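Numbering (the UniProt record's numbering), first residue to last: 1 to 176.
Note that CB positions come from ideal geometry on N, CA and C, so glycine has one too.
Remember, it's a predicted structure, so these values are computed and weren't measured experimentally.
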Ligand SMILES: Cc1cc2nc3c(=O)[nH]c(=O)nc-3n(C[C@H](O)[C@H](O)[C@H](O)COP(=O)(O)OP(=O)(O)OC[C@H]3O[C@@H](n4cnc5c(N)ncnc54)[C@H](O)[C@@H]3O)c2cc1C
């Protein structure tokens, strides 16, 4: 044990005896700045602060701004796609309809999870985008998403609530 740690250990032991509690090695290590190099100590302090004060989990990779894994990518992509469908025109022009169909075709070629992209391309052949209106596009996309969810064992979504989820907020007012 380093000399600073030893002194801290003695002081903490005495303090602990004074209030009748046991010496807590975990607490000691947590706040012992002298037990590790400065960089590691400041990192630990930040993690402790985030865990204790902000309630953050230290295994949350999105907080660390790491590259997206398949699930994170999927979650964020669906958010974008459903929001895009939610704001699609009620009465699209022929050009808008064609652009939207082309968007999904191109999207499926470049989606950066190759297994997902391949499956989505197959799904698009069976069920091409329905671009007649916002309602029809959103319902089509909801079914496409449910197809994926069913295949990977995730719960399906009630498509009658898709505009509440992605445009208007829940009817109970919880998003207001
Ligand atoms: C095009 C595409 C293809 C994919 N293919 C695969 C694959 O082959 N294998 C794989 O493992 N993963 C795949 N994924 C990822 C997968 O769909 C999920 O995104 C991932 O598993 C994370 O799931 P999640 O629990 O965060 O919820 P997600 O399924 O990502 O859903 C996000 C949110 O959307 C809402 N939601 C759920 N279902 C619907 C719906 N039907 N309509 C409207 N809103 C809905 C819910 O509020 C939910 O919380 C794919 C993703 C995309 C975008």
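At 4 residues or longer, what runs of the alpha helix (DSSP H) sit wholly inside the segment 69-151? 70-86, 94-110, 114-126, 134-151
Pair within 8 Å by beta-carbon distance, residue 171 and residue 113: no
What did DSSP end up calling residue 189 once you bin it into helix, strand or coil? Residue 189 cannot be examined here, being either before or after the span of the chain that is shown, 1 to 176.
For residue 66, name the three-state secondary structure that DSSP assigns. coil
Which same chain residues end up closer than 8 Å to residue 174 when comparing Cβ atoms and leaving out the 5 residues on each side of it in sequence? none
DSSP-derived helix/strand/coil call for residue 159: The three-state reading of DSSP puts residue 159 in helix, counting H, G and I together.
Residue 138 burial status per 10 Å Cβ neighbour count (16 or more: buried): buried
Could you please go through the chain and list the residues whose beta-carbon is closer than 6 Å to any non-hydrogen atom of ligand 1? 70, 71, 74, 75, 77, 78, 82, 111, 115, 116, 119, 120, 142, 145, 146, 148, 149, 152, 154, 157, 162, 165
Anticipated Cβ contact below 8 Å, residue 86 with residue 134, distance rounded: In this structure, residue 86 and residue 134 form a Cβ contact; the two beta carbons are roughly 7 Å apart against a cut-off of 8 Å.
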